[in-house]
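*Asks:* In our numbering, the protein residues as written are 634 to 710.
Structure provided below as structure tokens; questions to follow.
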Amino acid sequence: MSTVELKSNLHQLIDDIQNTKLLESLHDLLSERKNAKAGTLWNSLTESQRKEVMDAYEESESHENLTVHSEILRKYK
């Protein structure tokens, strides 16, 4: 997906949100990420947290460990 398409889709998603708290959270998240230097999040993790991330990444490499997107959406609706 191109940058223009991503921006357009993001704008549409945001336009559809009516929840002020969610919009504030998105604003805060995007503001933080825009200004963050590369590696800041990773460097803020403990060794234990880094290991958990790497273990999850390795598990995700096996298709049998993955869940279909539609199942996740159905679970949280």
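Cβ atoms here follow ideal geometry from the backbone N, Cα and C, with glycine treated the same way.
Source: prediction; values computed, not measured.
What residue range is occupied by the uninterrupted alpha helix (DSSP H) comprising Leu706?
*Replies:* As a working mapping, residue 706 is identified with position 73 in the sequence shown. Segment His702 to Tyr709, the alpha helix (DSSP H) holding Leu706.
*Asks:* Quick check: the Cα distance between Ser664 and His644, rounded to an integer number of angstroms?
*Replies:* The sequence position of residue 664 within the sequence shown is 31, counting from 1. The sequence position of residue 644 within the sequence shown is 11, counting from 1. Linking Ser664 to His644 through their CA atoms gives a straight-line distance of about 15 Å.
*Asks:* From the DSSP output, in three-state form, read off Glu691 for me.
*Replies:* Counting from 1 along the sequence shown, the entry for residue 691 is found at position 58. Glu691: helix per DSSP, three-state reduction.
*Asks:* Please report how far the alpha carbon of Ile647 lies from the alpha carbon of Arg666, in whole angstroms.
*Replies:* Here residue 647 refers to the residue found at position 14 of the sequence shown. Here residue 666 refers to the residue found at position 33 of the sequence shown. Approximately 17 Å between the Cα atoms of the pair.
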